[in-house]
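Colleague: Under the working numbering, the sequence shown has 226 at position 226, and the numbering climbs by one with no breaks. Just so you know, even glycine gets a beta-carbon here, dropped at the ideal spot from N, CA and C. Because the structure is a prediction, the values reported are computed rather than measured.
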Amino acid sequence: MTTPDPTPAPSPAAPESVWRMFDRIAPRYDLLNRVLSGRRDVAWRRRMADDLRGRSALRLLDLATGTGDQILHLLDAGADLASAVGIDMSEEMLARGREKVRQRGLAARVDLRAGDATQVSFPDASFDAVTISFGIRNVGDVPLALREMRRVLRPGGRALILEFSLPTRTLVRAGYVFYLRHLLPGIGGVVSGDSSAYRYLNRTIEAFPSGEAFCALMREAGFVQVAAQPLTLGVATIYRGDAPSSA
Ligand SMILES: C[S@@+](CC[C@H](N)C(=O)[O-])C[C@H]1O[C@@H](n2cnc3c(N)ncnc32)[C@H](O)[C@@H]1O
Numbered sequence: 001m002t003t004p005d006p007t008p009a010p011s012p013a014a015p016e017s018v019w020r021m022f023d024r025i026a027p028r029y030d031l032l033n034r035v036l037s038g039r040r041d042v043a044w045r046r047r048m049a050d051d052l053r054g055r056s057a058l059r060l061l062d063l064a065t066g067t068g069d070q071i072l073h074l075l076d077a078g079a080d081l082a083s084a085v086g087i088d089m090s091e092e093m094l095a096r097g098r099e100k101v102r103q104r105g106l107a108a109r110v111d112l113r114a115g116d117a118t119q120v121s122f123p124d125a126s127f128d129a130v131t132i133s134f135g136i137r138n139v140g141d142v143p144l145a146l147r148e149m150r151r152v153l154r155p156g157g158r159a160l161i162l163e164f165s166l167p168t169r170t171l172v173r174a175g176y177v178f179y180l181r182h183l184l185p186g187i188g189g190v191v192s193g194d195s196s197a198y199r200y201l202n203r204t205i206e207a208f209p210s211g212e213a214f215c216a217l218m219r220e221a222g223f224v225q226v227a228a229q230p231l232t233l234g235v236a237t238i239y240r241g242d243a244p245s246s247a
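Below, the structure written as structure tokens:
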């Protein structure tokens, strides 16, 4: 088995077909995340709240928010969010998210709306924290999305990025790549009815920069105090970076 190069350049331009694909799988999206990650995604999402401890009354922006899961799990994990805005290109994902927000009585605090992560429609320094979970891989122009995250953060504000990554240990990595190539598209296809979406998932995970390569992209976008926290043997990673305190 050939192992992929861990540090290829991110793919350019997210075509409309990417978020259209999320429109198609939206009805089963949350369920599939739980099944395909063995519920680890919930622990990973809640773990993000640790990186916001001690910060209060946060104004949060969640890019590529999908069904709003990251915002809701941050709240469950005790993050002190005064308000949260989630933006996404897929109306079907947003519709499911709005329903979850409504059911939990959070509509006054959580606003999910259409928007592009590479062209964020908020002024500079509007937010205390910006998150993107399993989304940065999909946005097309990754450096541009990172610069937008940096731009809308207030000085000293924090960006958190949760993304799949490839384990560095050879055997673990080989097992994971086998799962990505041979098991995930089948399971994802059966549950979602759209196996092409899950072939897309394995290709993008293998091609996306992880670890130090991704930290370098964050530094290039202007973040400081950049750090990577690998999760569950390195199959996912939380990247953290702060906007400089004085611009
Ligand atoms: C894998 S889902 C992640 C959803 C959510 N963040 C989560 O944690 O479950 C990726 C999302 O990125 C969205 N997306 C893709 N390109 C985007 C862009 N340029 N701007 C905003 N959202 C985008 C898709 O519509 C999809 O909902």
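1) Measuring only the C-alpha atoms, how far is His73 from Ala174?
2) Would you mind listing the alpha helix (DSSP H) stretches within the region 126-193 that are 4+ residues and don't spill past its ends, in chain order?
3) How would you call Pro167, buried or exposed, if buried means at least 16 neighbouring beta carbons within 10 angstroms?
4) Please report how far the alpha carbon of Leu162 lies from the alpha carbon of Asp30, in whole angstroms.
5) Tell whether a beta-carbon distance below 8 Å holds between Gly66 and Met93.
6) Beta-carbon separation of Asp51 and Leu217 under 8 Å?
7) Tell me which same chain residues have a C-beta within less than 6 Å of the C-beta of Val226, skipping the five on either side of it?
8) Can you tell me whether Pro123 is buried or exposed, with buried defined as 16 or more other CB within 10 angstroms of its CB?
9) According to DSSP, Thr237 sits in a beta bridge with which residue or residues?
10) Would Ile87 pass as a contact of Ala43 if the rule is Cβ separation under 8 Å?
Modeller: Concretely, from the data shown:
1) 31 Å
2) 142-152, 170-178 and 184-192
3) buried
4) 16 Å
5) yes
6) no
7) Cys215, Met218, Arg219 and Gly241
8) exposed
9) Glu163 and Pro230
10) no
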